Amino acid sequence: MKKVGILLMLVSFIALTSSKLSSQCNPDNFANACIPKLASGFNFLKSYKVDGEGGKDKVEYSYVFTKGTQYMINVCANGSGTDGIVVTLFDSGRNRVITNKINGQFLSAIAYACNATGIYYIQYTFDGSEAKCGGSALGFKR
């Protein structure tokens, strides 16, 4: 009887642990899935993890953009859309340059022709996102 109780506890522990693990965000998978989705002619630069679990309202990265270069940032999440993940690009003065949310619609990618070299901020926020989990890829072409 004691062995049955221990066995039940062990099975319960494994079931609870595995269900917890499967519900955790795995942004690496989404980021890797975004790389081949860059538009034709764009070269991959960097991938980004977008993990809002734990109550984060935003995730932000920075990258030095070069004048005369066109950049593309795409977003990948569960399903075919962006799952409410908004990507917004800010220039070095923190002025909003472009976003993927236009008239309530979420675009899966944005492109920006850089007209000033400097540090740019790539900010991800969550607008109705269920999972708050995704990935993104940055590409460039000259």
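Using my numbering, read the sequence shown as starting at 133 and increasing by one per residue. C-beta atoms are modelled at their ideal positions from N, C-alpha and C, and glycine is treated no differently. All values reported here derive from a predicted model rather than from experimental measurement.
Residue i vs residue j beta-carbon contact at 9 Å
{"i": "residue 183", "j": "residue 166", "result": "no"}
{"i": "residue 159", "j": "residue 181", "result": "yes"}
{"i": "residue 255", "j": "residue 191", "result": "yes"}
{"i": "residue 222", "j": "residue 253", "result": "yes"}
{"i": "residue 275", "j": "residue 194", "result": "Nothing about residue 275 can be reported from this structure: the residues present for the chain run from 133 to 274 only."}
Residue i versus residue j - alpha carbon distance
{"i": "residue 210", "j": "residue 161", "result": "10 Å"}
{"i": "residue 231", "j": "residue 164", "result": "22 Å"}
{"i": "residue 214", "j": "residue 262", "result": "10 Å"}
{"i": "residue 197", "j": "residue 248", "result": "8 Å"}
{"i": "residue 170", "j": "residue 219", "result": "15 Å"}
{"i": "residue 264", "j": "residue 216", "result": "8 Å"}
{"i": "residue 239", "j": "residue 199", "result": "24 Å"}
{"i": "residue 153", "j": "residue 241", "result": "Its pLDDT being 45, under 50, residue 153 is placed unreliably in this model, and the value from its coordinates should be taken loosely. Spanning the two alpha carbons is a distance of roughly 29 Å."}
Limits of the beta strand (DSSP E) - the one that residue i falls within
{"i": "residue 206", "result": "202-209"}
{"i": "residue 212", "result": "It is not in any beta strand (DSSP E) - residue 212 carries neither H nor E in the DSSP assignment."}
{"i": "residue 270", "result": "265-273"}
{"i": "residue 236", "result": "Here residue 236 belongs to no beta strand (DSSP E), and DSSP marks it neither H nor E."}
{"i": "residue 257", "result": "250-258"}
Neighbour flag for residue i against chain C, beta carbons, 9 Å
{"i": "residue 221", "result": "This model lacks chain C altogether; it includes just one protein chain."}
Query raised in the report: Below 8 Å, can you find three or more Cβ-Cβ pairs linking the segment 259-270 to the segment 173-192?
Result: At 8 Å Cβ cutoff, the stretches touch.
Query - In chain order, each alpha helix (DSSP H) run of at least 4 residues that lies wholly inside the segment 153-189 - result: Runs found: 159-166.
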